[in-house]
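Chains as they are written, first to last, in this note's numbering: chain X, 1 to 596; chain E, 1001 to 1596.
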């Protein structure tokens, strides 16, 4: 089985040249984050990803999490890997130093998270959920609750989970039925059933801290009546000592298409009368708290699309370099390695160019998120937050859809071998398939994009971003050669397409949200494509500048060719997508529901 | 588990209104194939698909073909289903009446095959391979060999397989190493290893007739030195009696992403000195014989893309009609079934419109294939054969790529439930993934299309087809309303895009096949999209004519809306794909192999 190697060179290029690590370093609390520091952190996490997590990826898939004797057994090696992971301090990398975290900026955390996703997606979901729970508590919980639970969660001694979904309530959290009854001592008793709880039970940590959405008896109907509760698996005294088991059990795990090593649990709360729960923040504000941490969670799942794509690309590239099959179209009597064949090159570059587009965009979003949180000037914070809000659905939706396409191409490059499970390419394809669904489907992301992020503000942030991209397209004119001419033309076409579609959305959303919503997912794809092209164009200009300065490395040459490929093979779809957004409603809405 | 129901109404519409069943009926040997006859056959095969094959689809996936005690055990119920299948005469539906087949035209066979693919892809592969072997023998074998083997194969008493692939020889058959040594009695002794042999071993039939590609000692190197041999699992006397086992064994089966119920076998020939083989046709013409039957085989695999898409669509539609989640964007306080949500409508119509485009195109190609084989006028035969040759890679390549997208949308419509194996949506996604690989990958289809089918004849057949489509686009002008205006504009844009790309390919293929080849797959997609749009536009005009004549059924209304949807959501990609074909080479070819 191939071992993942972190793409350090491109990651550092994106960090330092495209995302402005220098500027992030100037933010309060980020003073130590120099380029050298980032390099050292990434080297270390890259090593951990390759040596500890990657070797368990395929064995974890084959073995799977098991449900044995009413307990979850994770695959061999996973518990040990987790202990190494927390011992090395990776769990608290981005967490609040007040409770033992390392307070790293999101830019660094993004690069490190990408590696975990690449090396072992199933493993990485446990820390992802723990960090999500930590973030929710950090932002919303009372000080006593924080002090009681955060230090051990940040240390990784205890894990965290998110309990939202119920059989009848997936996307639609208004349908949640789990009940929380207040007690005289200020605690609550929780009764209800939750499903699809990632790492709801495991054998790694002495305790698991569940964050549970539920309704109090006096709660209003719908989403305004949902509260968030902290429900420990094992009861914890105020001084932090473990006590008796709480009234919560895992009742089984799912048999899934992929991410087999990660247990997806059904949880039953209150079979013996009610699980002890602590209210997080105030009653009836649970959904609001969820939304506060939603940006981080969705960004993290977006990185799954990037990370698994990188792993699939590395595997396909290695196969294409060694598999000998058919003669070259350019002549010769001997069969050649398949990387010589134009269609294989096309597939590899489709994978590569989208991966580099995603990585550069993700890191830019992460850096601006750091500005949105840490910059002393409120106006700058706000401006950056608006950019982040606009781009989060793109990172979640477009990246994870790309993950499907790229892992599928990974199989295709392998030919018949790709269909054999032992090869490993199929696992990426299966694992990637969940990412467009959980933490809000692509349709939910796209509707968030056109509604909350564009419709509500008449596209102000979107059009500001398009102006930024236009500036880049104009800069491209200073660079000579066919490649830059093609990149510039494609990017300009792309901006024109987004402007056409965005103008339609901004103008029509208030009047006819239903019609605009038909084009939501095509618009999300369109914006993703153009935003990715924007970053690749910036990268190409930096690369050419380096080459002109005598640093003619293959890395820089490849950057330019990759941006060129993306222009003709990805950005070329922009105008057609805009057409779909603007004109596509009647074809969907004139179909009566009983005509299907 | 949902049960597949054959889409008889649309199938009969495609047969009678779009593919010219009346004209096929006028061909020699097709006299009995009236619309009533077709209806009766399809009703019967639809019943068999629903009642016998569909209920085994999911259980077959869960159980899988097993390798136990050096034998293949197929899942429960499959052997019995096969016995019913052959008893009902389905195996020989399209085969030569001289040897017991029913001699049905390909048009009828296509509609019936679609059902088998929908109901149970794994099951359907065994008859698919048997029919492939029957066709090869019918076209290429000596009369004695035909009489010795064909009757029992057509009856289904014996199955057939195709043995091409070896570990080092997949796409590249020039690398085949299996040896065939001539014996004094005119037979051969076969020695070698074959892999990926679908139903190479099973427990359904008393004998299995393997067609094996191998080299004789005097064979020239490369593909011109490959011969085809008939190698029975159990030796057969000239009078047809079964004798001793031949020197061929299955050595194991693969653990695959999907089609779990169908055993994919490794075969070892000649461990005890050499398996007895009969030469099919002449020495060194094996590859040529493969190509003779390639059209049928590739068409059959194309139908897998169609069939599995239909099954995934039926399942998603049923779920969308019952799953209640979130309120309608058009108002109301209660949550509604998700089919009310615009993005779900979009997904269902993306599935549906592509399925109807594929079905209508497949049946048109099948009907023209009947003309190419049976019409008394050689000029008409030739003209139809050229159309079929052009379209076969589109049917194979575009349909199977659509199958990936549509089965993935099938999961997406189900949300989190789609990722749970028990739901069944994921099985379609896994099963569909093989179809872009076997019987020639999408890249192979696309290179066949741009090379053999367009480059060699400077695009003559392609441009003739485009003229046909232009005529349809002009006819659309006679129909009123927004829908027809949009369909017409999109189809005209589509033809323009294909003409641009086709002109480039025809002009440049001779000079720079490598550059043209970068755009091969995008061109295949482009031609598929436009050819599908052509058929949907024809269907919409027929539907409007029926409505104008007072037959205003929902079926006809839906046809028009479906064509409209396709225009704005699928055909809209045409111009961008043409841009990729014409301009996409430098971005791929300027990337050195060690820069990836």
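Beta carbons are placed, not taken as given, at the ideal position from N, Cα and C, and that holds for glycine.
* For the putative contact between residue 519 of chain X and residue 435 of chain X, defined by C-beta atoms under 8 angstroms, what is the C-beta separation to the nearest angstrom? -> Here residue 519 of chain X corresponds to residue number 519 of the first chain, with the count starting at 1. Here residue 435 of chain X corresponds to residue number 435 of the first chain, with the count starting at 1. Not confirmed; about 22 angstroms, so no contact.
* Helix, strand or coil for residue 160 of chain X per DSSP? -> Locating residue 160 of chain X in the first chain gives position 160, counting from the first residue. Of the three classes helix, strand and coil, the one that applies to residue 160 of chain X here is strand, per DSSP.
* **Residue from E:1150, E:1279, E:1149 and E:1074 with nearest C-alpha to residue 1183 of chain E** => Here residue 1183 of chain E refers to the residue found at position 183 of the second chain. Closest by alpha carbon: E:1279.
* Which listed residue (X:362, X:75 and X:487) has its alpha carbon closest to that of residue 390 of chain X -> Along the first chain, one-based indexing puts residue 390 of chain X at 390. The residue with the shortest Cα to Cα distance from residue 390 of chain X is X:362.
* Enumerate in chain order the residues of its own chain whose CB-to-CB distance from residue 1486 of chain E is below 7 angstroms, with the five nearest sequence positions on each side excluded. => Here residue 1486 of chain E refers to the residue found at position 486 of the second chain. The beta carbon of residue 1486 of chain E lies closer than 7 angstroms to those of 1564, 1567 and 1568 in the same chain, with the five residues before and after it left out.
* alpha helix (DSSP H) segment containing residue 140 of chain X, residue limits -> Looking up residue 140 of chain X in the first chain gives position 140. 121-140 is the span of the alpha helix (DSSP H), which, as asked, contains residue 140 of chain X.
* **Short-range partners of chain X found in the region 1162-1195 of chain E, where Cβ spacing is below 9 angstroms** => Hits within the stretch, in order: 1165, 1168, 1169, 1170, 1171, 1172, 1174, 1175 and 1195.
* Asked: With 16 other CB atoms within 10 Å as the buried threshold, where does residue 339 of chain X fall?
  -> The residue labelled residue 339 of chain X in the question sits at position 339 within the first chain. Buried, because 16 or more other Cβ atoms sit within 10 Å of the Cβ of residue 339 of chain X.
* **Test item: CB-CB of residue 1376 of chain E and residue 1105 of chain E under 8 angstroms** => Within the second chain, numbered from 1, the residue matching residue 1376 of chain E stands at position 376. Within the second chain, numbered from 1, the residue matching residue 1105 of chain E stands at position 105. Not a contact, by the Cβ cut-off of 8 angstroms.
* State the start and end residues of the unbroken beta strand (DSSP E) segment that holds residue 244 of chain X. => As a working mapping, residue 244 of chain X is identified with position 244 in the first chain. Here the beta strand (DSSP E) through residue 244 of chain X covers 242-245.
* To do: Please confirm whether residue 171 of chain X and residue 1325 of chain E have their CB atoms less than 8 angstroms apart.
  => As a working note, residue 171 of chain X is residue 171 in the first chain. As a working note, residue 1325 of chain E is residue 325 in the second chain. Their beta carbons are under 8 angstroms apart, which means residue 171 of chain X touches residue 1325 of chain E by this criterion.
* Whole-angstrom Cβ separation of residue 1284 of chain E and residue 1224 of chain E, contact assumed at under 8 angstroms? -> The count along the second chain starts at 1 and reaches residue 1284 of chain E at position 284. The count along the second chain starts at 1 and reaches residue 1224 of chain E at position 224. Contact holds; Cβ gap of about 6 angstroms.
* With contact counted as at least three CB pairs below 8 angstroms, one residue from each stretch, are the region 243-256 of chain X and the region 1414-1425 of chain E in contact? -> Here the region 243-256 of chain X makes contact with the region 1414-1425 of chain E; the two share three or more CB pairs at distances below 8 angstroms.
* Sequence-distant residues of its chain with Cβ nearer than 6 angstroms to residue 1545 of chain E (five each side left out) -> Counting from one through the second chain, the residue named residue 1545 of chain E turns up at place 545. Counting only residues of its own chain and dropping the five nearest sequence neighbours on each side, residue 1545 of chain E has no CB closer than 6 angstroms to any other CB.
* Asked: When you check each C-beta in the region 1554-1568 of chain E against every C-beta of chain X, which residues fall closer than 9 angstroms?
  -> Along the region 1554-1568 of chain E, going in chain order, the ones with a CB nearer than 9 angstroms to a CB of chain X are 1554, 1555, 1557, 1558, 1560, 1561, 1562, 1563, 1564, 1565, 1566, 1567 and 1568.
* **residue 490 of chain X versus residue 11 of chain X - alpha carbon distance** => Residue numbering aside, residue 490 of chain X sits at position 490 when the first chain is read from its first letter. Residue numbering aside, residue 11 of chain X sits at position 11 when the first chain is read from its first letter. Computed Cα separation, rounded: 25 angstroms.
* Asked: Residues in its own chain within less than 6 angstroms of residue 374 of chain X by CB, not counting five upstream and five downstream?
  -> As a first step, residue 374 of chain X must be located in the first chain, where it is residue number 374. Around residue 374 of chain X: 27 and 28.
* Other residues of its chain near residue 1572 of chain E: CB distance less than 7 angstroms, five sequence neighbours each side excluded -> As a first step, residue 1572 of chain E must be located in the second chain, where it is residue number 572. Around residue 1572 of chain E, the same chain offers 1490 as residues with beta carbons nearer than 7 angstroms, after the five sequence neighbours per side are excluded.
* **Closest Cα partner of residue 1102 of chain E within the set E:1269, E:1198 and E:1091** => Position 102 of the second chain, counted from the first residue, corresponds to residue 1102 of chain E. When each option's Cα is compared against that of residue 1102 of chain E, the closest is E:1091.
* Contact with chain X by residue 1416 of chain E, beta-carbon distance below 8 angstroms -> Position 416 of the second chain holds residue 1416 of chain E. Yes, contact with chain X.
* Asked: Name the chain X residues whose beta carbon is nearer than 9 angstroms to that of residue 1358 of chain E?
  -> For this step, residue 1358 of chain E is matched to residue 358 along the second chain. Annotation: residue 1358 of chain E has no Cβ neighbours in chain X at a cutoff of 9 angstroms; minimum Cβ distance is about 17 angstroms.
* Could you tell me whether the region 1217-1233 of chain E touches the region 1093-1100 of chain E, using the rule of 3 or more Cβ pairs below 8 angstroms? => Counting Cβ pairs under 8 angstroms, fewer than three are found: no touch.
* Beta carbon proximity, residue 220 of chain X to chain E, threshold 8 angstroms -> Residue numbering aside, residue 220 of chain X sits at position 220 when the first chain is read from its first letter. Judged by the 8 angstroms Cβ criterion, residue 220 of chain X is not in contact with chain E.
* Contacting residues, own chain, Cβ-Cβ under 6 angstroms from residue 1505 of chain E (five flanking each side not counted) -> Position 505 of the second chain, counting from 1, holds the residue named residue 1505 of chain E. So the qualifying residues of the chain are 1450, 1454 and 1516.
* **Supposed close pair residue 154 of chain X, residue 99 of chain X - CB separation, criterion 8 angstroms** => Numbered from its first residue, the first chain carries residue 154 of chain X at position 154. Numbered from its first residue, the first chain carries residue 99 of chain X at position 99. Indeed they touch by this definition, with Cβ atoms about 5 angstroms apart.
* Rounded straight-line distance, which links the Cα of residue 262 of chain X to that of residue 126 of chain X -> In the first chain, counting from the first residue as 1, residue 126 of chain X sits at position 126. In the first chain, counting from the first residue as 1, residue 262 of chain X sits at position 262. Each residue's Cα considered, the two are about 8 angstroms apart.
* Any heavy atom of the ligand SAM within a distance shorter than 7 angstroms of the CB on residue 355 of chain X? -> Ligands displayed in this structure: none; no statement on the ligand SAM is therefore possible.
* **Three-state class that DSSP yields for residue 398 of chain X in the structure shown** => The residue given as residue 398 of chain X occupies position 398 in the first chain. Of the three classes helix, strand and coil, the one that applies to residue 398 of chain X here is helix, per DSSP.
* Span of the beta strand (DSSP E) around residue 375 of chain X -> Here the question's residue 375 of chain X lines up with position 375 in the first chain. No beta strand (DSSP E) holds residue 375 of chain X; DSSP gives it neither H nor E.
* Counterpart residues of residue 1227 of chain E in DSSP-defined beta bridges -> For the purposes of this step, residue 1227 of chain E is taken as residue 227 along the second chain, with counting starting at 1. For residue 1227 of chain E, which the question treats as bridged, DSSP gives the partners E:1214.
* **Residue span of the beta strand (DSSP E) that contains residue 1328 of chain E, given as start and end** => Within the second chain, the letter at position 328 stands for residue 1328 of chain E. For residue 1328 of chain E, there is no enclosing beta strand (DSSP E), as DSSP marks it with neither H nor E.
* Can you tell me which of the three DSSP states residue 204 of chain X falls into? => Taking the first residue of the first chain as 1, we reach residue 204 of chain X at position 204. In this structure, residue 204 of chain X counts as coil in the three-state DSSP scheme.
* To do: Could you tell me if residue 1070 of chain E is buried or exposed, where buried requires 16 or more neighbouring beta carbons within 10 angstroms of its beta carbon?
  => In the second chain, residue 1070 of chain E corresponds to position 70, counting from 1. Result: exposed.
* Asked: Between the beta-carbon of residue 1529 of chain E and the beta-carbon of residue 1570 of chain E, is there less than 8 angstroms?
  -> Numbered from 1 along the second chain, position 529 holds the residue referred to as residue 1529 of chain E. Numbered from 1 along the second chain, position 570 holds the residue referred to as residue 1570 of chain E. When the beta-carbon positions are compared, residue 1529 of chain E and residue 1570 of chain E come within less than 8 angstroms of each other.
* Identity of the residue in E:1574, E:1583 and E:1579 nearest residue 579 of chain X by Cα -> Stepping through the first chain from its first residue, residue 579 of chain X is reached at position 579. The candidate whose alpha carbon is nearest that of residue 579 of chain X is E:1574.
* If you draw a straight line from the C-alpha of residue 1473 of chain E to the C-alpha of residue 1149 of chain E, how long is it? -> On the second chain, residue 1473 of chain E is found 473 positions in, with the first residue counted as 1. On the second chain, residue 1149 of chain E is found 149 positions in, with the first residue counted as 1. Answer to the nearest angstrom: the Cα atoms are 50 angstroms apart.
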